[in-house]
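A.B. asks:
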Amino acid sequence: MQRIGVFVCHCGSNIAATVDVKKVVEMARLEPGVVHAEDYQYMCSEVGQAKIAAAIHEKHLTGVVVCSCSPRMHEATFRKAAEKAGLNPYMVEIANIREHCSWIHKNIEEATEKAVILARAAIAKVNLNAPLKAGESRVTKRALVIGGGIAGIQTALDIADAGYEVDIVEKTPSIGGRMSQLDKTFPTLDCSACILTPKMVEASAHEKINIYTYSEVEKVTGFVGDFTVDIRKKARSVDMTKCTGCGVCQEKCPSKKAPSEFNRGLNNRSAIYTPFAQAIPNVPVIDREHCIKFKTGKCGLCEKVCQAGAIDYTQKDEIITEKYGAIVVATGFDTIKLDKYDEYAYSQSKDVITSLELERIMNAAGPTKGHLERLSDGKPPKNMVFIQCVGSRCSDNRGKSYCSKICCMYTAKHAMLIRDKYPDVNVTVFYIDVRTPGKNFDEFYRRAVEDYGVNYIKGQVGKVAPQPNGQLLVQGVDLIDNKQILMEADMVVLATAIEPDPSVRKIATMLTASIDTNNFLTEAHAKLRPVESPTAGVFLSGVCQGPKDIPETVAQAGAAAVKAIGLLAKDKLMTNPCTAKSDELLCNGCSQCANVCPYGAISYETKLINDHGIREERRVAVVNNALCQGCGACTVTCPSGAMDLQGFSNRQILAEVDAICR
Amino acid sequence: MKYSYYPGCTLKTKAKDLDAYARASARALGFELEEIENWQCCGGVYPLGSDEIATKLSSVRALNEAKEKGQDLVTLCSACHHVIKRVNDDMKNVEDIRTRANNYMQLDEPYAGETTVLHFLEVLRDRVGFDELKKKVVNPLTGRKIGAYYGCLLLRPSGLLEFDNPENPTIIEDFIRAIGATPVVYPYRNECCGGYISLKEKDMTKRMSTTVMDSAAGLGAEMLITACPLCMYNLKKSGSGKIPVYYFTELLAEALGVKEEAAKA
Amino acid sequence: MKSEKKQAEMIREISGVNPYKCMKCGKCSASCPSFNEMDIKPHQFVSYVLHEDIESLVKSESLWKCLSCFACVERCPRDVKPGKLIDAARQLVVRQRGETYLSPDEVPELLDPELPQQLLVSAFRRYRR
């Protein structure tokens, strides 16, 4: 028989305001095995933990139940406290009477009854608990960073500077990401390339960093400290060891009709291309869909003009398998599609553009060589209208429910830059709210209004109508003046909502990392563990976790790096002892458990079994404890009841159910 | 293929040609419009109030009749389509309206939104297919530049009507291409012509219809086509008069070579 | 007449609109083709209902200028759809006996030979009980 102590936490008023904690103590005392029960204001405090330790010593407890917050919050705290006091940590169970009870109920009587029941279930379980011992697993001292934008580059640099090997996997032909597409950056207006390119060069030259561009993560197995990852290196059709980056192939390539991804489709590129001049690596790829050689077998011009002999039409995709201790996701974002927002005539007029497209137009390396001009007729605009919140803050089914966070600032930036460079251009911004929390941010926006004369109008735009004379008639509202406004514009710029890059869904599935309804990766804790995924060993960097600007992205990238370094610095990790275990006498070797195991932790051995005196050779399941993550899929699949989960055995779970139903 | 057909009040009086051209075209395309018996006026506007029941019953009757015949219900007038489709949605998804409407109706079997409501244009797009229609065109209207006028009622609210992209629809433009002509896309094709307020607010209607017509004409349209008798009236009466307005069925009949036949009927 | 509080509740119930969802972006008023003819603008209907100022609403010219074109309904990013509020306020008025914007006596002089039945039917349904 166990000797169980029950400790009921008030959590200040979080629990005690809704649950009669004294009553829970009183009822717990009546349960079998309970030899001690008490309540305290903050069980997680030092005093609270000391109370548990004292009871373990004085009452010779063999098991502990803490009725408190979610085990995700403080299970580790209480287990550590118990261990210090000489108890096996797995003899401690948590009854969650906060998230599961006090926070979601109003009626004290009902909440108290539920708390008593939850305590009873935990006590019933501890009665059947057995001490467990955690094993150890090794840590591969190498990190994988998925995505080579500013987030991925910064994370990789920080990890590498700490002395660990890092691989960056980037799906496009160059690192640099969205930031490389920007012209200037707020709030200081430094040129994006000027501050990004040195980082790209540093990453590429770093002896600890290895960059796989034009590559994608294909498969992930293993677990924290010991991931195995397959990376598909897409065929570049150019030998990276031979190419000198002279660029002649791109000049001579006769197929120049492929839309340039880097310039957001505003102009075309050749079939053999590097996305932009400062690309890293400075080695082109052949886009086989647009290459005449690949389409018709004829041409081969690039091969002829390449003096280095680097063109290789026979290249095939290559799979590289590598081991990692930590994985950082830095997959970034894209702008949403605008097909549901055609009241702004985006698909009907070339002069209605997204803000990211404007970045390209303003950039000296962009489709207009940095001249502000209409894409329809090349004329310089006189009147420009910016529309905020296109697809952001929409609770209908058209857009995104969240604020994209960066638009207010980049619109102020665009407005200011245009007024500075082209003082005769009138700039109007339609806004719902101007949101500028950030260091020197509001000052920046006010500068656009006060020093540069940008016309900010509180209100939305209902329609943009392309007129026969080539103008855009903007119909909006001024809510302050309570007037509908009709104004002609030469260009309209849409502050288009951002969303996580679509590739993140596949990556999240491979990593078993959870994503929210907007496809942002979920943090382990929204406030206290913002750069960690709930999946151990997976860290989050940049916009894949939520909208953020460059300074925030860089800060978070550093934070993710520190978390990864903290993991890589360990030689061994304690493994979870709550793993599956097969009863050889019951196992009939049917393989069903192995088929459902997501971790490949179950194999089969032929063994000599002594079944009540009958000795025979049988094929039985064997669990690799290092691989098993204790998910329980095998235990519910096993038809003969041979598979059981240590710490969560069928008997324990049924005892909990019985206790609840009693 | 037979469809139940709800013509609506105006197609029996002021918009007989909209109806006649549609029937003749349907025959030429190999489907039949079977007019439902004893239909009553839909009311012209959808009663938005969630407590309005009686004003929805004529639609329910028509819907139920199509259900009993096991046919999809085809409409032609934009207003009828709007009203009947939305009432059908209420009957399918709004329990309170369904229960109360059925209490009035006393049907053998309660009606719960089983009927599929199709606009004639949807039949052309989704059942006949514009490629198929193109093959049956004997008199392609090559060279004609046509502006599609959608108005409000076919498109909005798009979540319920599921007709087309409400801000950038393509169905009538695709139809125009299928009959051999050239569509002219202009921004006011999905803005209101003035609707029922034209009875009393002549100035407002004039402004709205003129905006629509001038926008189309300015961008090169030589004519407008519509599916709605009220849009037709407003555009003709209150528009700028720069370009003529036709029912889309008239051009369809012409392209299929059955215009004369329809005019006789 | 019922109290304004009751009437505000009625408008919310008839329309099915939750005015608290409004974020005051003005998309409705930016889209409205009748904006200039309205004394109370589409976006203002939301706050009038919230502040239970129904007396002003039922007197508003806007009730008779709304086209029911659903542009505000379609484009509202917060699922408020002020057009539904305008219609509900109009319902409130036409359901009161004697309060109508259109009387049968004035119809003959509004008619012309091309005028479609649909127009009369629609106008009567919107303007009268």
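Protein chains in written order, with full-length UniProt numbering: chain A, 1 to 662; chain B, 1 to 265; chain C, 1 to 129.
Glycine residues also receive a C-beta, built at the ideal position from the N, C-alpha and C atoms.
These numbers were taken from a predicted model, which means no experiment stands behind them.
Which residues of the segment 10-30 of chain C have a Cβ closer than 9 Å to any Cβ of chain A? Give them in chain order.
C.D. replies: 21, 23, 24, 25, 26, 27, 28, 29 and 30
A.B. asks: Going by DSSP, name the residue or residues bridged to residue 452 of chain A.
C.D. replies: The partner list for residue 452 of chain A (beta bridge, DSSP) is empty, contrary to what the question assumes.
A.B. asks: If contacts are defined as beta-carbon pairs under 8 Å, then residue 300 of chain A and residue 242 of chain A qualify, I think. What distance do you get, rounded to the angstrom?
C.D. replies: Actually they do not touch by this definition, with Cβ atoms about 17 Å apart.
A.B. asks: Please classify residue 64 of chain B: is it buried, with 16 or more other beta-carbons within 10 angstroms of its beta-carbon, or exposed?
C.D. replies: With 16 or more other Cβ atoms within 10 Å, it is buried.
A.B. asks: Taking the continuous beta strand (DSSP E) assigned at residue 211 of chain A, which residues delimit it?
C.D. replies: 209-212
A.B. asks: Mind pulling the beta strand (DSSP E) runs of 3 or more residues that sit fully within the segment 93-128 of chain B?
C.D. replies: Along the length of the segment 93-128 of chain B, whole beta strand (DSSP E) runs at least 3 residues long occupy 117-119, reported in chain order.
A.B. asks: When you check each C-beta in the segment 388-422 of chain A against every C-beta of chain B, which residues fall closer than 8 Å?
C.D. replies: 397
A.B. asks: Mind listing which residues of the segment 472-484 of chain A have their C-beta closer than 9 Å to chain C's C-betas, in chain order?
C.D. replies: 475, 476, 477, 478, 479, 482, 483 and 484
A.B. asks: Which bits of chain A does residue 65 of chain C rub up against, with CB to CB less than 9 Å?
C.D. replies: Here the premise fails: no neighbours, minimum Cβ distance about 13 Å.
A.B. asks: Any contact of the segment 216-233 of chain A with the segment 179-195 of chain A, i.e. 3+ C-beta pairs under 8 Å?
C.D. replies: no
A.B. asks: Who are the neighbours of residue 212 of chain B on chain C, taking C-beta pairs under 8 Å?
C.D. replies: The premise fails here: residue 212 of chain B is roughly 10 Å from chain C at the closest Cβ pair, so nothing lies under 8 Å.
A.B. asks: Name the two residues that bound the continuous beta strand (DSSP E) containing residue 223 of chain A.
C.D. replies: 215-223
A.B. asks: Going by C-alpha distance, which of A:555, A:571 and A:143 is nearest residue 154 of chain A?
C.D. replies: A:555
A.B. asks: Under a Cβ-count criterion, where at least 16 other Cβ atoms within 10 Å of its own Cβ denotes burial, should residue 525 of chain A be classed as buried or exposed?
C.D. replies: exposed
A.B. asks: Rounded to the nearest angstrom, what separates residue 545 of chain A and residue 7 of chain C at their Cα positions?
C.D. replies: The alpha-carbon atoms of residue 545 of chain A and residue 7 of chain C are separated by roughly 46 Å.
A.B. asks: So, is residue 51 of chain C buried or exposed, given that buried needs 16 or more other C-beta atoms within 10 angstroms?
C.D. replies: exposed
A.B. asks: Residues in the same chain with beta-carbon distance under 8 Å from residue 56 of chain A, minus the five sequence neighbours each way, listed in chain order, please.
C.D. replies: 5, 64, 82, 85, 86 and 87
A.B. asks: If contact means a Cβ-Cβ distance below 8 Å, which residues of the segment 345-356 of chain A contact chain B?
C.D. replies: 345, 347 and 348
A.B. asks: Are the C-beta of residue 201 of chain B and some C-beta of chain A separated by less than 8 Å?
C.D. replies: So, not an interface residue.
A.B. asks: Please report how far the alpha carbon of residue 62 of chain C lies from the alpha carbon of residue 522 of chain A, in whole angstroms.
C.D. replies: Whole-angstrom Cα-Cα distance: 47 Å.
A.B. asks: Does DSSP classify residue 13 of chain C as helix, strand or coil?
C.D. replies: helix
A.B. asks: Please classify residue 661 of chain A as buried or exposed, where buried requires at least 16 neighbouring CB atoms within 10 angstroms.
C.D. replies: exposed
A.B. asks: Can you list, in chain order, the stretches of the alpha helix (DSSP H) that have 4 or more residues and sit fully within the segment 148-192 of chain A?
C.D. replies: 150-161
A.B. asks: Tell me, please, whether the segment 466-480 of chain A touches the segment 391-406 of chain A by the rule of three or more beta-carbon pairs shorter than 8 Å.
C.D. replies: no
A.B. asks: Report the residues of the segment 189-214 of chain A with a CB closer than 7 Å to any CB of chain C, ordered along the chain.
C.D. replies: Here the close residues number zero.
A.B. asks: Where does the unbroken alpha helix (DSSP H) through residue 38 of chain C begin, and where does it stop?
C.D. replies: Segment: none, residue 38 of chain C is in no alpha helix (DSSP H) and carries neither H nor E.
A.B. asks: Residues in its own chain within less than 7 Å of residue 99 of chain A by CB, not counting five upstream and five downstream?
C.D. replies: 69 and 70
A.B. asks: Mapping the DSSP letters down to three states, classify residue 129 of chain C as helix, strand or coil.
C.D. replies: coil
A.B. asks: Could you check whether the segment 29-48 of chain C touches the segment 450-467 of chain A, counting it as contact only if at least three pairs of C-beta atoms, one from each stretch, sit closer than 8 Å?
C.D. replies: The segment 29-48 of chain C vs the segment 450-467 of chain A: in contact.
A.B. asks: Under 7 Å Cβ-Cβ, which residues of chain B neighbour residue 85 of chain A?
C.D. replies: None at all; the shortest Cβ gap to chain B is about 59 Å.
A.B. asks: In three-state DSSP terms, what is residue 201 of chain A?
C.D. replies: helix
A.B. asks: Quick check on the burial criterion: 16 or more other C-beta atoms within 10 angstroms. Buried or exposed for residue 106 of chain B?
C.D. replies: Classification for residue 106 of chain B: exposed.
A.B. asks: Figure out for me which residue from A:180, A:398 and A:27 has the closest Cα to the Cα of residue 338 of chain A.
C.D. replies: A:398
A.B. asks: Taking Cβ-Cβ distances below 7 Å as the criterion, which residues of the segment 31-59 of chain C are in contact with chain B?
C.D. replies: 33, 34 and 37
A.B. asks: Residue 460 of chain A CB to nearest chain C CB: under 8 Å?
C.D. replies: yes
A.B. asks: Output the distance between the C-alpha atoms of residue 97 of chain A and residue 22 of chain A, rounded to the nearest integer angstrom.
C.D. replies: 14 Å
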